Amino acid sequence: MRVIGNLGLLLNVARHYGVPPARIARRAVYLYRQHNFGFQDAMKCGLLDPDLPDAAAFGCIRRADITPIQNRRNRVEWKCLTEDKAVFHSFCSHAGIPAPEMLAVIGKFGGRTLKGAKLPSSREEWEHYFCNDLPAEFIVKPTLGAHGKGFRIYRKDAPDFSGPELYDHLTKSPEWDNFVIQRRIYNHSDISQLTGSEALQTARIITWVTPQGSIDVYLTFFRIVTGTNPYDNYNYGLSGNLIANVEPVSGRLTAATGASS
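Counted from 1, the sequence shown has number 66 at position 66 by my numbering; the numbering is strictly sequential.
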């Protein structure tokens with residue numbers, strides 16, 4: 001069975017860590033034999049770092065292994081609450097959970113604004129809404145997007161901002177049927193100082209509902225933006241962003257980790 005599927009990836013990882021390719025290959029073989037991690041799975045999780053202790057792999061689980069568990073435990077009829085951003089916002093609003101302000105939902109089959117402006121019904125009215133009623137900065141996401149795909153930040157004072165272009169993007173997308181428009185929110189200044197990025201960076205808290213109905217906190221981690229990325233999504237390490245676990249008692253961040261490439 002093939003453990004390392006691409007010699008080019010092996011060489012890239014070896015260059016990334018400044019070690020001989022043979023050292024990365026030996027670690028890849030260990031991770032496959034002992035933990036069933038294929039080369040790309042191990043690379044995306046940062047497990048090919050030659051300085052990591054072997055025990056580090058015991059704290060990781062492959063996406064292919066965790067997804068069936070999630071599908072068995074999470075009720076299928078609740079999936080839209082997290083997968084559809086428009087539905088999720090409505091749920092948060094009714095539950096009193098703070099969330100970024102939703103300004104509009106629009107797509108191939110029409111749309112609606114959520115407050116403030118007259119409900120646009122034509123292309124001209126939507127273009128007027130974009131240019132006159134939206135805040136100076138706002139973001140656009142596909143309602144069913146994931147891993148940062150389709151995410152855009154718009155600034156109305158940018159020289160390339162165009163109401164007609166935005167309307168075409170939102171109503172004629174070959175990939176997405178609907179988009180949400182949200183007010184942009186910003187980092188605390190300490191986060192921007194820590195990371196050197198103005199892109200919004202978030203903490204994620206993973207919980208487990210016990211058979212008795214109580215909530216246990218399983219894992220908390222902070223997503224760190226690198227370079228010029230406009231969002232903090234990790235995307236299995238492909239985005240280049242980093243993840244740092246949060247110590248649950250002190251709130252301190254652990255060492256940040258990223259993909260091995």
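Every residue gets a Cβ at the ideal spot worked out from N, C-alpha and C, and that includes glycine. Everything numeric in this text was worked out from a predicted model, so none of it was measured.
Query                                                                                                                                                 : Result
With a floor of 4 residues, list each alpha helix (DSSP H) that falls wholly inside the region 152-176, ordered by position along the chain.          : 163-171
Can you tell me whether cysteine 80 is buried or exposed? The criterion is at least 16 other CB atoms within 10 Å of its CB, across all chains shown. : exposed
Comparing alpha-carbon positions, which option in Asp133, Ile224, Tyr129, Asp160 lies nearest isoleucine 243?                                         : Ile224
DSSP beta-bridge partners for alanine 86?                                                                                                             : Answer is none; alanine 86 lacks a bridge partner.
Taking only the alpha-carbon atoms, compute the straight-line gap between glycine 107 and tyrosine 186 and give it to the nearest angstrom.           : 26 Å
At 3 residues or longer, and completely inside the region 190-236: list those beta strand (DSSP E) runs for me, N to C.                               : 203-209, 215-224
Should glycine 8 be labelled buried (16 or more other beta-carbon atoms within 10 Å of its own) or exposed?                                           : exposed
Going by CA-CA distance only, name the one from Glu124, Val140, Gly96, Asn241 that's closest to threonine 202.                                        : Asn241
Using DSSP bridges, identify the partner residues of methionine 102.                                                                                  : Gln182
When the distance is taken between beta carbons, is lysine 141 closer than 8 Å to valine 180?                                                         : yes
Do the region 17-27 and the region 38-50 touch if we need at least three Cβ pairs shorter than 8 Å?                                                   : yes
So alanine 332 and tyrosine 231 are supposed to be a Cβ contact under 8 Å. How far apart are they, rounded?                                           : Given a span of 1 to 261 for the chain in the structure shown, any question on residue 332 remains unanswerable.
Going by alpha carbons, who is nearest to glycine 227 out of Arg15, Tyr236, Gly237, Ser197?                                                           : Ser197
Quick one: is tyrosine 154 buried, meaning 16 or more other Cβ sit within 10 Å of its Cβ, or exposed?                                                 : buried
Are the CB atoms of alanine 57 and leucine 31 within a distance shorter than 8 Å?                                                                     : yes
Determine the direct distance from the alpha carbon of arginine 123 to that of asparagine 71, and round the result to whole angstroms.                : 41 Å
Does the Cβ-Cβ distance between leucine 11 and proline 20 come in under 8 Å?                                                                          : no
Tell me, which residues are paired with asparagine 138 by DSSP?                                                                                       : First, the amino acid is wrong: residue 138 is phenylalanine here, not asparagine. Partner(s): Tyr154, Arg183.
Rounded to the nearest angstrom, what separates valine 105 and glutamate 175 at their Cα positions?                                                   : 16 Å
Are the Cβ atoms of threonine 220 and proline 248 separated by less than 8 Å?                                                                         : yes
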